[in-house]
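Peer 1:
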Amino acid sequence: MGRTTTRGTSELDSRKQETLRAWTSFVEQGDAAAALVRPEILSSWTRSGASITHDVSAAPLSDESETSAMWRESPLQVAVERVEADLRRTAEDGDLVLAVTDADTRILWTYGGRVMHRKAEAVNFVPGARWDDESVGTNALDLANRLAEPSMVFSAEHYASIVHNWVCWAAPVLDPATGRQLGVIDLSTTWDRTHPIGLATARVMARLIETALPRSAHQPTAHATDADETADPGLVMTLLGTAEVRLDGRRLLLNRRQTEVLALLALHPEGLSLDRLHALVYGDAAVTFSTLKAEVSHLRSALGGQLSSRPYKLMMPVATDVDHVLSLLRRGRVTEALDAYGGDLLPGTNSPALTELAEYLAVAVREALLADPRPSAVLRYAELAPYDTEVMERGLAALGDRPHPAKALLMGKLAAANH
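The sequence shown begins at -2 in our numbering and counts up one residue at a time.
1) Measure from the alpha carbon of histidine 161 to the alpha carbon of each residue in Thr317, Leu17, Pro308, Glu356, then state which is nearest.
2) With three or more beta-carbon pairs closer than 8 angstroms as the criterion, would you say the region 236 to 250 touches the region 138 to 148?
3) In this structure, what does DSSP give as the bridge partners for threonine 187?
4) Which of helix, strand or coil does DSSP assign to glutamate 131?
5) Who pairs with leucine 342 in a beta bridge, going by DSSP?
6) By a C-beta neighbour count over all protein chains shown, 10 Å radius and 16 as the cutoff for buried, is asparagine 121 buried or exposed?
7) Using a 10 Å radius around the Cβ and a threshold of 16 neighbouring Cβ atoms, would you call aspartate 178 buried or exposed?
8) Got a sec? Which residues, its chain only, sit under 7 angstroms from threonine 268 by beta carbon, not counting five neighbours each side?
9) Rank Leu304, Leu358, Leu251, His114 by C-alpha distance to the C-alpha of leucine 326 and give the top, closest one.
10) Verify the CB distance criterion: does arginine 330 have a CB-CB separation below 7 angstroms to chain C?
11) Could you tell me which of Glu356, Ser41, Asp398, Thr208 sits nearest to arginine 79, measuring between CA atoms?
12) Quick one: what's got a C-beta closer than 8 angstroms to serine 152's C-beta in the same chain, skipping five residues either side?
13) Would you check whether the ligand MG has a heavy atom nearer than 6 angstroms to the C-beta of aspartate 183?
14) Do the region 44 to 59 and the region 86 to 95 touch if we need at least three Cβ pairs shorter than 8 angstroms?
15) Do isoleucine 182 and alanine 197 count as a contact pair if the criterion is CB distance below 7 angstroms?
16) Determine which residues share a DSSP beta bridge with glutamine 178 and list them.
17) With distances taken Cα to Cα, identify the nearest neighbour of serine 41 among Arg85, Ser148, Ser59, Met312.
18) Keeping to the same chain, check which residues put their C-beta closer than 6 angstroms to that of glycine 345; ignore five residues upstream and five downstream.
19) Using the beta-carbon count (16 or more within 10 Å), is glycine 46 buried or exposed?
20) What does the alpha-carbon distance come out to for the pair leucine 342 and leucine 367?
21) Spatial neighbours of threonine 256 within its chain, please: C-beta separation below 6 angstroms, excluding the five flanking residues on both sides.
22) Rounded to whole angstroms, what is the Cα-Cα separation between methionine 313 and tyrosine 279?
What follows is the structure, encoded as structure tokens:
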């Protein structure tokens, strides 16, 4: 990936200034930046701001011996060693720094070109460093890990100012045998070297590592709710805060759009016509019906044919965490609903129907808390919405003068939100 042209640099400079204005707006005014950045960036900024300051000087480091032991025991080490020549060549040709992380976004391996190697060391972009957004702010490694899809973060989209001069592309690395997310690979360079193929290159590097994984790959720190295989029959979809789809206990590997289509079908058990499904997925976007049909065809294959046509309808038991949360709210079980509410529905979705449902669900949760501000539920909500002072104040008011373990925590969060 070479340096951009003069015209391209000018366009990138304008883009950089736009991100800096949005970042400054968020730092100074919070939610005022909502219309200026992508939803996933704003969500990450909010998480970051609740945990660190924007002027953090470097990523925190884990114990060196512990990191070394994890790398030795990880199947990623075997895979990286097998393709290391290709990874190094990519880094040197584009003057990039490459990093491979575990499933907790802790860097296990890096290699950098001449310039980026020095820049990376200056901010602890090195093995053992923790690059989740609550440790060092918004970045592509964390987004790719959280969203389970390739992600890019440009210039001041990073929460920490130490990497405002960077652009980063990252993609998840999965165990092909189980679908388990082992970590991510990230490619980073300076903002002025941004290139359209950056994200595609990250995807290619991730696939390269996946093909080199040992057949018996197993990563103890990889994300898994219960196990790779569960006993739950039918289709089970997790859509809140993250996305995971399991069929008869087996995880399905779907891209973002396929997950959105499947979510809409799961949430409309009566079935949907082609026209209606297209409107719910794409809205007014100029996307052909054949594109949607191709996504449905892939889903039908992944579901073993259990997706009928005319209307499109799932022919199996279906459960979603969205339905579960709404059911708990309807029964007045607010604390349990908050425990099950993992965050926004498919953050960053472009589907107008899912965006509307996400807003409806967020409002329903908030109104239930305002009506019944149970301390543990309010505290859980404060972690997801750290700037919603009204809910926190209602929770404290409900406690009155009586002592409660949540009281000091809520007061601390309220003070931070008002700071």
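Backbone N, C-alpha and C fix where the C-beta goes; we use that ideal spot for every residue, glycine too. Being a predicted model, the structure only gives us computed values, none of them experimental.
Peer 2: Looking at the coordinates:
1) Position 164 of the sequence shown, counting from 1, holds the residue named residue 161. Among Thr317, Leu17, Pro308, Glu356, the Cα nearest to that of histidine 161 belongs to Leu17.
2) Output reads yes: the region 138 to 148 touches the region 236 to 250.
3) Taking the first residue of the sequence shown as 1, we reach residue 187 at position 190. DSSP lists Trp163 as partners of threonine 187.
4) Counting from one through the sequence shown, the residue named residue 131 turns up at place 134. Collapsing the DSSP output to three states places glutamate 131 in a helix.
5) Locating residue 342 in the sequence shown gives position 345, where the first residue counts as 1. Looking at the DSSP assignment, leucine 342 forms a beta bridge with Leu237.
6) Against the sequence shown, residue 121 aligns to sequence position 124. It counts as buried.
7) For this step, residue 178 is matched to residue 181 along the sequence shown. Before going further, note that residue 178 is glutamine rather than aspartate in the sequence given. Around the beta carbon of glutamine 178, 16 or more other beta carbons lie within 10 angstroms, which makes this residue buried.
8) Position 271 of the sequence shown holds residue 268. The sequence given here has glycine at residue 268, not threonine. Taken in chain order, the residues that qualify are Pro308, Tyr309, Lys310.
9) If you number the sequence shown from 1, residue 326 lands on position 329. The option with the nearest alpha carbon to leucine 326 is Leu358.
10) Of the protein chains in the structure, only one exists, and it is not chain C.
11) Taking the first residue of the sequence shown as 1, we reach residue 79 at position 82. Per the Cα distances, Thr208.
12) The count along the sequence shown starts at 1 and reaches residue 152 at position 155. Here serine 152 has Arg12, Lys13, Thr16, Leu17, His161, Asn162, Trp163, Val164, Trp188 as same chain residues with Cβ atoms under 8 angstroms from its own Cβ, once five neighbours each way along the sequence are excluded.
13) Looking at this structure, you won't find the ligand MG or any other ligand, since it has none at all.
14) Below 8 angstroms, too few C-beta pairs join the region 44 to 59 and the region 86 to 95 to call them touching: fewer than three.
15) Within the sequence shown, the letter at position 200 stands for residue 197. Within the sequence shown, the letter at position 185 stands for residue 182. No.
16) By one-based count along the sequence shown, residue 178 stands at place 181. DSSP lists Leu171 as partners of glutamine 178.
17) For this step, residue 41 is matched to residue 44 along the sequence shown. Of the listed residues, the one whose Cα sits closest to serine 41 is Ser148.
18) Residue numbering aside, residue 345 sits at position 348 when the sequence shown is read from its first letter. Pro36, Glu37.
19) Position 49 of the sequence shown holds residue 46. With 16 or more other Cβ atoms within 10 Å, it is buried.
20) Here residue 342 refers to the residue found at position 345 when the sequence shown is read from its first residue. Here residue 367 refers to the residue found at position 370 when the sequence shown is read from its first residue. Between leucine 342 and leucine 367, the C-alpha separation is close to 21 angstroms.
21) Mapped onto the sequence shown, residue 256 falls at position 259. Closer than 6 angstroms at the Cβ level, and outside the excluded window around threonine 256, lie Ala240.
22) Within the sequence shown, the letter at position 316 stands for residue 313. Within the sequence shown, the letter at position 282 stands for residue 279. C-alpha separation (whole angstroms): 25 angstroms.
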